[in-house]
Amino acid sequence: MILSKGIFSRPETGALLGLVFVWVFFAVFAHNGFLSIHGVKSYLQVSSEIGILAVGVALLMIAGEFDLSIGSLIGFSSMSITLLTIEANMSMPLASIITLIMAVFIGYCNGVTVVKSGLPSFIITLGSLFIVRGLTIAVTKLITGRTQIGGIDESSGYGFMHSIFSRNITISGVDFPISILWWVLFVFLGYFVLNQTQIGNWIFATGASKESSKLMGIPIRNIKVSLFMLTAFCAWFIAVIQVTTFSGADVLRGEQKEFISIIAVVIGGTLLTGGYGSIIGVMIGSLIFGIVKQGIIFAGVDADWFQVFMGVMLVSAVLVNGSFRKKYIHEY
Amino acid sequence: MHHSWFNDMIKTKKINFLSIIVIFIFISCSKIEKQQEKPLKKVSINMVTHGQATDPFWSVVSNGAKDAAKELGIDFYYQSPQSFDMITMSQIIDAVVSTNPDGIIVSVPDIAALKKSILSASKKGIPIIVINAGSEIAEKVDILTYVGQSEYEAGVKAAEELIKYKITTVLCVNHEIGNISLDKREQGFRKVLKENNIIVKTIPIDASDPLEARETVRAYLSINNNIDGILTLGPLGAIPIMNLLKDIDHEKNIKLATFDFTPEIIDGIMNSQIVFALDQQQYLQGYLPVMLMNLYITNKNTPAYKKLETGPSIINIKNAQDVLALSKKGKR
Chain U
1 MILSKGIFSR PETGALLGLV FVWVFFAVFA HNGFLSIHGV KSYLQVSSEI
51 GILAVGVALL MIAGEFDLSI GSLIGFSSMS ITLLTIEANM SMPLASIITL
101 IMAVFIGYCN GVTVVKSGLP SFIITLGSLF IVRGLTIAVT KLITGRTQIG
151 GIDESSGYGF MHSIFSRNIT ISGVDFPISI LWWVLFVFLG YFVLNQTQIG
201 NWIFATGASK ESSKLMGIPI RNIKVSLFML TAFCAWFIAV IQVTTFSGAD
251 VLRGEQKEFI SIIAVVIGGT LLTGGYGSII GVMIGSLIFG IVKQGIIFAG
301 VDADWFQVFM GVMLVSAVLV NGSFRKKYIH EY
Chain Y
333 MHHSWFNDMI KTKKINFLSI IVIFIFISCS KIEKQQEKPL KKVSINMVTH
383 GQATDPFWSV VSNGAKDAAK ELGIDFYYQS PQSFDMITMS QIIDAVVSTN
433 PDGIIVSVPD IAALKKSILS ASKKGIPIIV INAGSEIAEK VDILTYVGQS
483 EYEAGVKAAE ELIKYKITTV LCVNHEIGNI SLDKREQGFR KVLKENNIIV
533 KTIPIDASDP LEARETVRAY LSINNNIDGI LTLGPLGAIP IMNLLKDIDH
583 EKNIKLATFD FTPEIIDGIM NSQIVFALDQ QQYLQGYLPV MLMNLYITNK
633 NTPAYKKLET GPSIINIKNA QDVLALSKKG KR
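Going down the list, the protein sequences come from chains U and Y. Numbered according to the numbering used here, the first sequence spans residues 1 to 332. Numbered according to the numbering used here, the second sequence spans residues 333 to 664.
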């Protein structure tokens, strides 16, 4: 009884059930491809990309804030790296570092604006979503007259960046992208910080109750600003992976990633209102996302149905999580 | 209440590792490849395009392909991302490749982004036909043939045709930023008009929202009185503008022309709201590659032409009546 109460109250339980469900579902309806090692690679690659973003988004959401600008930041970062490398003839590592500084600075501005104004981060970062995307499109067209730029794989330093961010590791004849290992590392670090350190306790406390956290002397402002910088960092990281994998960028990269990462985080059992959540749950949420997205293709169904499936998953996850939590609180 | 969750999170964190173990069991389970025994080997062909779900152009392509597959009695699957998203599209191609189809038909609007996925199909020995966009990929990957129109030349033709209507200042409307085919149409169009000393301006619109697209153009026209010709790079731009011109254009008589068409556009041509549409006969871009691919798979016939041109032809008031009924059926 105590054990079951413990399990059902955990944030990732609903997500785990969801994972079992979607995996079995596609194992039955899409066995051709989905169960092969190529299939595993295919959904792990998609999951890893959203999973890296979701770690940052989850920590920020547990601290009670949103960052809707990360999708635009992916577009900004990938275009900035490409422009600096190809148009300004920099080496790619240097271009990436300069871009990182700019991206994290935008995250810093988001954070400072939110904590100084006291306005909802939803609104502030919705603003930066458009500002950053608009700047990316406008500046790119101004400099090049185009909206997509390729050919970065012939510039200096590309090989080095490629070996770190998008090399392949061959397992029984299938090339697994290294982004999967990066994802595992992000999850591990996120888990460690959130559950094993004082900063983690502070993040939970900040999201659970601002007032009492303040009284306890927790540096709420610094925590929030740092977490906004973290989400910007995650966006930059994904941008580097995409630029090195696809040897170029277009101005629309990363569109809608802000919502998709929030979906992965919420399916993983994190509360939209903050103060409650789990990095392992988020990892499961990202895995569900990848399985559904690629599973639908393996099943030979028109990809139009993906959105329907994802929406249903989101709503059921929230309902299941909510009812578990309610039950737990009543019995306590 | 928050406090009790908070404590619980800290107390039971060890159970988290249980979830990790479960995930790894799942992933390792999936590595067991299942051999499917098929008694009757049917030809199976996959088509992956960048067509947005809302774009009527692509439903004609997919109708053409499905008609061909039905006549041949083969398995056929059509997939595309929901929005213009090259990362998702490359992941769809990867997934399709891992199901080992007999042939892949693919559109390539961004060669840099899709090169890798298409190369992986080629390495596995899967025959490839490119349609609609990206004939240049033939320099990097072996393809059977390309079925589509030369976009630059189509832009040139649009300009030559529009000049006949004695325009002086032209607005070019782009509904799909980041699509290199549309950029090429625009380049060809611009070149001819510049040689004839006609001013060209370009604005981007949001194709997913016709109302917003209409208002963008309305605002633009209200401050640029001298515009007397508009070219839209596709029907998603033309339909809202046709609607707008009904409102505002009694005395100015702006000449509207478009690439590609839908039944509404044909109606517009018959009512003299649109002067002409450039037709690339996209039904053929679905029908022909399925036929050619099937011939290659079953009969080892290889097309001798590198490019099979399906357009452009001009639809104006003289021949609009002929295609209207077919367009309503989704065949033209």
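Think of the CB as a built atom: it goes at the ideal place given N, C-alpha and C, for glycine as much as any other residue. Just so it is clear, the structure is predicted and the values come from calculations on it, not from any experiment.
I597(Y) versus W390(Y) - alpha carbon distance: Approximately 15 angstroms between the Cα atoms of the pair.
E468(Y) - DSSP class collapsed to helix/strand/coil: The DSSP-derived three-state label of E468(Y) is helix.
Closest Cα partner of Q256(U) within the set Q307(U), I279(U), S278(U): Taking only the C-alpha atoms, the option nearest Q256(U) is Q307(U).
Nearest candidate by alpha-carbon position, reference K224(U), set G295(U), F204(U), F237(U): Ranked by how close their Cα comes to the Cα of K224(U), the residues G295(U), F204(U), F237(U) have F204(U) in first place.
Minimum C-alpha distance to I495(Y) - residue among N528(Y), L514(Y), N511(Y): Cα-wise, what sits closest to I495(Y) is N528(Y).
Residues of its chain near E365(Y), where Cβ-Cβ distance is below 8 angstroms and the 5 sequence neighbours each way are ignored: With a pLDDT of 45 at E365(Y), under the threshold of 50, the modelled position of this residue cannot be trusted, and the question is left open.
Under 9 angstroms from the C-beta of V524(Y): neighbouring residues of chain C: Among the protein chains in the structure shown, which are U and Y, there is no chain C.
Alpha carbon of D377(U) to alpha carbon of M92(U), nearest angstrom: One cannot answer for residue 377(U) here, as it falls past the ends of chain U, which runs 1 to 332.
K639(Y) beta carbon less than 8 angstroms from that of S454(Y): No; because the gap between Cβ atoms is not below 8 angstroms, this pair is not in contact.
Interface flag, M418(Y) vs chain U, CB-CB below 8 angstroms: Among the CB atoms of chain U, one or more fall inside 8 angstroms of the CB of M418(Y).
Cβ-based neighbour list, I137(U), same chain, cut-off 8 angstroms, excluding 5 preceding and 5 following: Within the same chain, I137(U) has close Cβ partners T147, V251.
Same chain, Cβ closer than 6 angstroms to Q367(Y), neighbours up to 5 away in sequence not counted: Bear in mind that a pLDDT of 44 at Q367(Y), under 50, signals an unreliable position, so the number given afterwards is only what the model happens to contain. The answer is none, since no qualifying residue turns up.
is_contact[R167(U), chain Y] using C-beta, thresh 8 angstroms: At a cut-off of 8 angstroms between C-beta atoms, R167(U) does not count as an interface residue with respect to chain Y.
Proximity test, Cβ basis, 8 angstroms: V438(Y) and chain U: For V438(Y), no CB of chain U lies under 8 angstroms from its own CB, so it is not counted at the interface with that chain.
Proximal chain Y residues relative to F246(U), where beta-carbon distance stays under 9 angstroms: Per Cβ cutoff of 9 angstroms: M418, I419, S422, D442, A444, A445, L446, K447, K448.
Through-space distance from L189(U) to N432(Y), alpha-carbon basis: Approximately 38 angstroms, taken between the alpha carbons.
Cβ-Cβ separation, A465(Y) to P441(Y) (assumed contact under 8 angstroms), whole Å: Between P441(Y) and A465(Y) a beta carbon distance of about 4 angstroms is seen, short of the 8 angstroms cut, so the two are scored as contacting.
Inter-residue spacing [alpha-carbon to alpha-carbon] between V24(U) and I291(U): For V24(U) and I291(U), the distance between alpha carbons rounds to 11 angstroms.
CB contact flag (R537(Y), T548(Y), <8 angstroms): The question names Arg, yet the displayed sequence has Ile at residue 537(Y). A contact, by the Cβ cut-off of 8 angstroms.
Burial state of W305(U), where buried means 16 or more other Cβ atoms lie within 10 Å: Burial call: exposed.
Min CB distance G569(Y) to chain U below 8 angstroms: Chain U, which has no Cβ nearer than 8 angstroms to the Cβ of G569(Y), makes this no.
Runs of beta strand (DSSP E) wholly within the stretch 238-307 of chain U (minimum 3 residues, chain order): List check, beta strand (DSSP E) in window: 248-250.
Terminal residues of the beta strand (DSSP E) in which A609(Y) lies: The continuous beta strand (DSSP E) containing A609(Y) extends over residues 608-611.
Where T431(Y) sits in the DSSP three-state scheme: DSSP, reduced to helix, strand and coil, places T431(Y) outside both helices and strands of the structure shown, so it counts as coil.
Of the listed residues F309(U), I296(U), I297(U), L287(U), nearest to G333(U) (C-alpha basis): Shown here, chain U extends from 1 to 332; a query on residue 333(U) therefore has no answer.
Helix, strand or coil at I506(Y) [DSSP, three-state]: Here residue 506(Y) is Asn; the residue named in the question, Ile, does not match the sequence. DSSP places N506(Y) in strand when its eight states are reduced to three.
Within 8 angstroms, strictly: CB atoms of I106(U) and V132(U): In this structure, I106(U) places its C-beta atom within 8 angstroms of the C-beta atom of V132(U).
Member of H31(U), E211(U), S47(U), Y43(U) whose CA lies at the smallest distance from the CA of W183(U): Closest by alpha carbon: S47(U).
Residues that Q148(U) contacts on chain Y, provided the C-beta gap is smaller than 7 angstroms: Result: D442, G510, I512.
Euclidean distance between Cα positions of I475(Y) and I461(Y): About 6 angstroms.
C-beta neighbour in chain Y for G337(U), strict 8 angstroms: Residue 337(U) cannot be examined here, being either before or after the span of chain U that is shown, 1 to 332.
7 angstroms Cβ cut-off: residues of chain Y touching V28(U): Those within 7 angstroms of V28(U) in chain Y number zero; the least Cβ separation is about 12 angstroms.
Proximity test, Cβ basis, 8 angstroms: D654(Y) and chain U: Judged by the 8 angstroms Cβ criterion, D654(Y) is not in contact with chain U.
Helix, strand or coil at N168(U) [DSSP, three-state]: In the three-state reduction of the DSSP assignment, N168(U) falls in the strand class.
For P536(Y), the first and last residue of its enclosing beta strand (DSSP E): Going by DSSP, P536(Y) is part of the beta strand (DSSP E) stretching over 531-536.
DSSP state of L565(Y) mapped onto helix, strand, coil: The answer is coil: DSSP assigns L565(Y) none of H, G, I, E or B.
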